[in-house]
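Residue numbering for the sequence shown follows our numbering, beginning at -5 and increasing consecutively. What follows is a short report on a single structure.
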Amino acid sequence: MTFEIAVLFLLIISMIVVMALEILPTDTIALVVMTVLIVGGFVSPAEGIAGLSNPAVVTILCLMMLTFGLESSGVISAMGKYLKRLLIGSEWKTLLILLVIVGSCSALISTTAIVIVFMRILIKVSKKIPLKLRRYLMPLSFAGILGGSCTLVGTSTNLLVSAIAKDYGLRAFGMFEFTPLGICFFMVGLVYLLVIGRFWLPDDKKDHTDLTEVYAIEDYLTEVVVGPHSRLVGKQVKETLFFTNNDLDIIEIRRPRNGPKGQFPDETTVIQAGDILLIKGTAEQLAKLRKHNDLKPLPRQSVKDEARLNTDDLAICEIIVKPNS
């Protein structure tokens, strides 16, 4: 048995064991094995990605990874803070700035990725300044599509068509081969969205995005201060009723000495005296909890702000349970 065959058998056995134990997601395991084989020189890069439908898929994946890296490094958050200063003014001006930025970025980064990123930025910014999201999200998508048509890497469609053309013996597209035509399409689309398209968008006076009001969430929330003699002091969350009782949950823990921003607790978080807990539960459960654990309730006004319930660690959303779920 040669060294290469031994390594291959070892990889196969390891892959089967990891999949059976569900230590890692299946797609992650497949990518790790593929990377090991390519880096180890057992297969060529072309052979390593032969199992994918098209080599362009790798390019799309790399663009997605680039976007994830920008978000993880804090670049996206910095852009959000900068946009917050720009998106103050008339709707026409705000829409113009947003569409130009999104269109320009989508020409160099995957359209899908850039639209998702800017949607998140826009949703965060809308909590700080008065923006009607429904009048911005659709133009945002259109700007991404139009901007993506300016370069080869702008959309996955361009990459796939270029790769297919090469497979059939035709010349692959250049990076900026159709940029002049793409810019023309983008400018025409931009003028339409600003002059005509935006008037087709809904302008309802009533905004139904405040889910705390729609579902009366504040009726099931209360904020309490943990007293020095509380039985909760020094205990981990998993050792309390919050872990064993399905009707009670800690949504947030704030410690005044650490600043006004709270944190979403995990099961190992230790409750300390003076902690401010935002608790979800029925009225009966909350009353019983306060009575037996030296918890002082705070005014209810503080729990009616949806911005407090939509943070980096916590968000309110509506979901539909599919029939085959």
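Note that beta-carbon positions come from the ideal geometry of N, C-alpha and C, so glycine has one too. Here the structure is a predicted model, which means the values were calculated and not measured.
- With respect to the C-alpha of residue 279, the residue from 119, 288 and 239 having the closest C-alpha is 239.
- With a cutoff of 8 Å on beta-carbon distance, residue 292 and residue 242 are scored as not near each other.
- Straight-line spacing of the CA atoms in residue 65 and residue -4 works out to 44 Å.
- Buried is the label assigned to residue 105, since at least 16 other Cβ atoms lie within 10 Å of its Cβ.
- Of the other Cβ atoms in all chains shown, 16 or more fall within 10 Å of the Cβ of residue 130; this residue is therefore buried.
- With fewer than 16 other CB atoms across the displayed protein chains lying within 10 angstroms of its CB, residue 175 is exposed.
- Excluding sequence positions up to five before and after residue 237, its CB lies within less than 8 Å of the CB of 231 and 261, all in the same chain and listed in chain order.
- In the three-state DSSP reduction, residue 43 falls in the coil class, being neither helix nor strand.
- The C-beta of residue 182 has fewer than 16 other C-beta atoms within 10 Å across all chains shown, which makes the residue exposed.
- Taking 3 residues as the shortest admissible run, the region 127 to 159 contains no complete beta strand (DSSP E) segment at all.
- For a cut-off of 8 Å, the C-beta gap from residue 138 to residue 108 is around 6 Å, short enough to register as a contact.
- CA-CA distance, residue 162 to residue 152, rounds to 16 Å.
- Within the region 1 to 36, the complete alpha helix (DSSP H) runs of at least 4 residues fall at 20 to 33.
- Sequence-distant partners of residue 167 (beyond 5 residues in either direction) whose C-beta falls short of 6 Å from its own C-beta, in its chain, are 146 and 156.
- No Cβ-Cβ contact shorter than 8 Å links residue 46 with residue 37.
- For residue 180 against residue 141, the beta-carbon gap comes to about 6 Å, under 8 Å, which counts as contact.
- Taking C-beta atoms as the reference points, residue 95 and residue 81 fail to come closer than 8 Å.
- Taking the C-beta atoms as reference points, residue 127 is found no nearer than 8 Å to residue 188.
- Counting of Cβ neighbours within 10 angstroms places residue 185 among the exposed residues, the total staying below 16.
- The beta carbon of residue 235 is closer than 6 Å to those of 242 in its chain, skipping five residues each way along the sequence.
- As a beta-bridge residue in DSSP terms, residue 290 pairs with 219.
- The Cβ-Cβ distance between residue 102 and residue 133 does not fall below 8 Å.
- Around the beta carbon of residue 21, fewer than 16 other beta carbons lie within 10 angstroms, which makes this residue exposed.
- In the displayed model, residue 261 falls within coil according to three-state DSSP, outside both helix and strand.
- Residues 230 of the same chain have their beta carbon placed closer than 6 Å to that of residue 264, with the five preceding and five following residues left out of the count.
- Restricting attention to 53, 112, 55 and 222, the CA atom closest to the CA of residue 77 is found in 112.
- Residue nearest to residue 170 within the set 158, 190, 164 and 149 is 149 (criterion: CA-CA distance).
- Collapsing the DSSP output to three states places residue 284 in a helix.
- The beta-bridge partner set that DSSP reports for residue 272 consists of 217 and 246.
- For residue 90, the enclosing alpha helix (DSSP H) has its first and last residue at 85 to 100.
- For residue 317, there is no enclosing alpha helix (DSSP H), since its DSSP letter is neither H nor E.
- Taken atom to atom, the span from the alpha-carbon of residue 154 to that of residue 54 is near 10 Å.
- As the crow flies, the alpha-carbon of residue 220 is around 7 Å from that of residue 266.
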